[in-house]
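To start, the structure itself, in structure tokens.
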Amino acid sequence: VVRFPRPNQKHNLSFLRSGMKIRPGNLSPTNSGNAAANNAKVMSMVASEAKSMASFKLMLLVMMVLQNSSTVLVGRYTRSAVAKEDLYSVSHLIILTECSKFLLSCGLEFYTTGGQLYESLQQHVFKRPTDAL
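Right, here's the structure in full:
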């Protein structure tokens, strides 16, 4: 299972708390006997974190393109072969689309936070309402 981090989520750098000190210039540990192995470990963790973030951004882009394209296509298809008196309002389609986006975003947030949707909403929306606008 691939877990996608939130863009503003602190990265999991728990390996740094294990006593390994990293110099900013070359990422080499100062209190370890095997500097090359630790360098490789640090670099692989940083690379996997960057890869995970890139795949998350790509997934979001694909989802947004699919959502916007499907809204336009469904709207045109469902309104093209219907009599004028049976047409629905475009605002109804937009409301339905926005509700589905809300449910999908709640599902993604639930997945990325490991089931802590309410805590995440509390921290990122309810405590900072102007940031959510």
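Residues in the sequence shown are numbered from 730 upward in steps of one, following the numbering used here. No residue lacks a Cβ here, since even glycine has one placed at the ideal position from N, Cα and C.
Whole-angstrom C-beta distance between residue j and residue i, which should lie under 8 Å
i: S846; j: F839; result: Contrary to the premise, residue 846 reads as Leu rather than Ser in this sequence. At roughly 4 Å, the Cβ-Cβ gap stays under 8 Å, so L846 and F839 are in contact.
Spatially closest choice to residue i from the options, by CA coordinates
i: S820; options: A783, G844 and T800; result: T800
i: M793; options: S849, G843, K830 and G836; result: K830
i: Q796; options: A783, S784 and S834; result: S834
Residue j beta carbon less than 8 Å from that of residue i
i: R808; j: L802; result: no
i: S849; j: T859; result: no
i: G844; j: L822; result: no
Simplified DSSP state of residue i, which is helix, strand or coil
i: T842; result: coil
i: S784; result: helix
i: K813; result: helix
i: L862; result: coil
Residue i: CB within 7 Å of a non-hydrogen atom of the ligand ADP
i: S809; result: With respect to the ligand ADP, the structure offers nothing, as it holds no ligand at all.
*Are three or more beta carbon pairs between the segment 818-835 and the segment 769-780 nearer than 8 Å?*
no
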